[in-house]
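Numbering (my numbering), first residue to last: 674 to 1104.
Worksheet: the structure to be examined is printed underneath.
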């Protein structure tokens, strides 16, 4: 057997540093990562990111060369090859102001989406997510501060969401997924609306799904929750029963309350037919302050690898692009993005986090199926996947501030891989 090891170069002057490795017979016992290809778990549908109004507005300020470069790096086969995008329904915190309707979408979001599709060379699946219904239908009469959708307007809101899907489809875009509510457990100073699990179940069963049937939209995948992982199993178990099972494609979730990887195991065990999707993750400056690039990249990869190893089918980052402040954001909830554009110096900056995503997304491609791997320490994280091209993919991340050598074992053969301090690497193995 042989393998190509790719790692993020320290100088970041080349996309990846590459090294050819050859497996041979061996009996190493220490610092071993084992791969057991006879096991097969969940398939992977790909990586994606969000086109918010903030991202699209900043994108409109960039020159054509920077726009083309960034889109090729995100969506082309030679880049990260992102598989889909997430788009908010109406305004969210990553907007310059509150809005409803399609004027802002036409002006900013659609041009960015069209350029993404041009870079990809095909239509991109779109996932739509609402942050709140219109204020007039809520009990607090605000788009912000949580509040609840009044039951007498459940049907109105279902029709509104269907109209949004149809608007995109009539424009020629490929809407394939929808989440019912972004963060239904959070009262925010920005666009937000709260539900209990039972309220979301009633909305789904009695209003949203019937409206989708009426409009011929039942091919759209519906995802529940769209909030932090600590309650993902409870919501799944409270909502999905014999009356709703066929309506629900899966659960969407965020990372902001901690790992909770075991919660995904519970979902997998109890509802093996339901998909699991990370629908949002980002580093908020209000939480982390000034963010070290290595810390951000490693924490991001820790989340992805943990989610993948516990059953996740797709991974969605948050904003594709932000300005030098981490915005614009009308409530100053600034955060980091893989690309930041400095509007004062007119320069585009690619963060180390983007390199990590790049290595992951070009290694674990859509159609890959997870296999089993064991590791000797939590200081070296890993995940292993069968790729549709027949190769076996292995990701290795060194969480130590010193270089280490790892022995990779497969089918009685092994090879040694040197991981730099805080290093990130992949192996593409041909058996």
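All C-beta atoms in this analysis are idealised placements derived from N, C-alpha and C, irrespective of residue type, glycine included.
Computed from a predicted model, the values in this text were never measured in an experiment.
Do residue i and residue j have their CB atoms nearer than 8 Å?
| i | j | result |
| --- | --- | --- |
| residue 716 | residue 1065 | no |
| residue 676 | residue 1100 | yes |
| residue 940 | residue 984 | yes |
| residue 978 | residue 1044 | no |
| residue 855 | residue 910 | no |
| residue 1088 | residue 704 | no |
| residue 817 | residue 763 | no |
| residue 849 | residue 894 | yes |
| residue 838 | residue 800 | no |
| residue 674 | residue 689 | no |
| residue 1059 | residue 679 | no |
| residue 756 | residue 719 | yes |
| residue 1005 | residue 949 | no |
| residue 1046 | residue 708 | yes |
| residue 868 | residue 883 | no |
| residue 1012 | residue 743 | yes |
Could you tell me the alpha carbon to alpha carbon distance between residue i and residue j, rounded to whole angstroms?
| i | j | result |
| --- | --- | --- |
| residue 740 | residue 875 | 43 Å |
| residue 1029 | residue 991 | 15 Å |
| residue 745 | residue 997 | 21 Å |
| residue 891 | residue 922 | 11 Å |
| residue 947 | residue 1020 | 43 Å |
| residue 835 | residue 1092 | 49 Å |
| residue 807 | residue 766 | 15 Å |
| residue 994 | residue 1053 | 30 Å |
| residue 1082 | residue 976 | 25 Å |
| residue 1090 | residue 1022 | 31 Å |
| residue 758 | residue 1037 | 18 Å |
| residue 1024 | residue 823 | 43 Å |
| residue 901 | residue 970 | 20 Å |
| residue 804 | residue 727 | 15 Å |
| residue 1008 | residue 955 | 7 Å |
| residue 1113 | residue 916 | Residue 1113 falls outside the range modelled here, since the chain spans only 674 to 1104, and no answer is possible. |
| residue 1016 | residue 734 | 8 Å |
| residue 731 | residue 829 | 33 Å |
| residue 887 | residue 1010 | 39 Å |
| residue 789 | residue 701 | 47 Å |
| residue 798 | residue 1097 | 29 Å |
| residue 792 | residue 825 | 44 Å |
| residue 685 | residue 914 | 50 Å |
| residue 1073 | residue 693 | 24 Å |
| residue 754 | residue 813 | 42 Å |
| residue 930 | residue 859 | 12 Å |
| residue 820 | residue 1102 | 52 Å |
| residue 904 | residue 872 | 15 Å |
Assuming residue i contacts residue j (C-beta within less than 8 Å), just tell me the rounded distance between them.
| i | j | result |
| --- | --- | --- |
| residue 847 | residue 796 | 4 Å |
| residue 1003 | residue 768 | 6 Å |
| residue 989 | residue 722 | 7 Å |
| residue 967 | residue 1095 | 5 Å |
| residue 925 | residue 899 | 4 Å |
| residue 853 | residue 885 | In fact, because the Cβ distance is near 11 Å, the residues do not count as touching under 8 Å. |
| residue 1032 | residue 782 | Contact doesn't hold; Cβ gap of about 28 Å is too wide. |
| residue 952 | residue 933 | Between residue 933 and residue 952 the Cβ distance is about 15 Å, and since that is not below 8 Å, they are no contact. |
For residue i, does the three-state DSSP call read helix, strand or coil?
| i | result |
| --- | --- |
| residue 1005 | coil |
| residue 995 | strand |
| residue 826 | helix |
| residue 728 | helix |
| residue 851 | strand |
| residue 694 | strand |
| residue 680 | strand |
| residue 720 | strand |
| residue 990 | strand |
| residue 759 | strand |
| residue 815 | coil |
| residue 798 | strand |
| residue 736 | coil |
| residue 784 | helix |
| residue 982 | helix |
| residue 745 | helix |
| residue 709 | strand |
| residue 790 | helix |
| residue 1015 | strand |
| residue 966 | helix |
| residue 702 | coil |
| residue 686 | coil |
| residue 972 | helix |
| residue 779 | helix |
| residue 1103 | strand |
| residue 809 | helix |
task = Mind listing, in chain order, the continuous alpha helix (DSSP H) runs of no fewer than 4 residues lying wholly within the stretch 870-956?
result = 870-876, 882-887, 905-912, 934-943
Ranges of the alpha helix (DSSP H) found wholly within the stretch 1020-1101, counting only runs of at least 4 = 1025-1036
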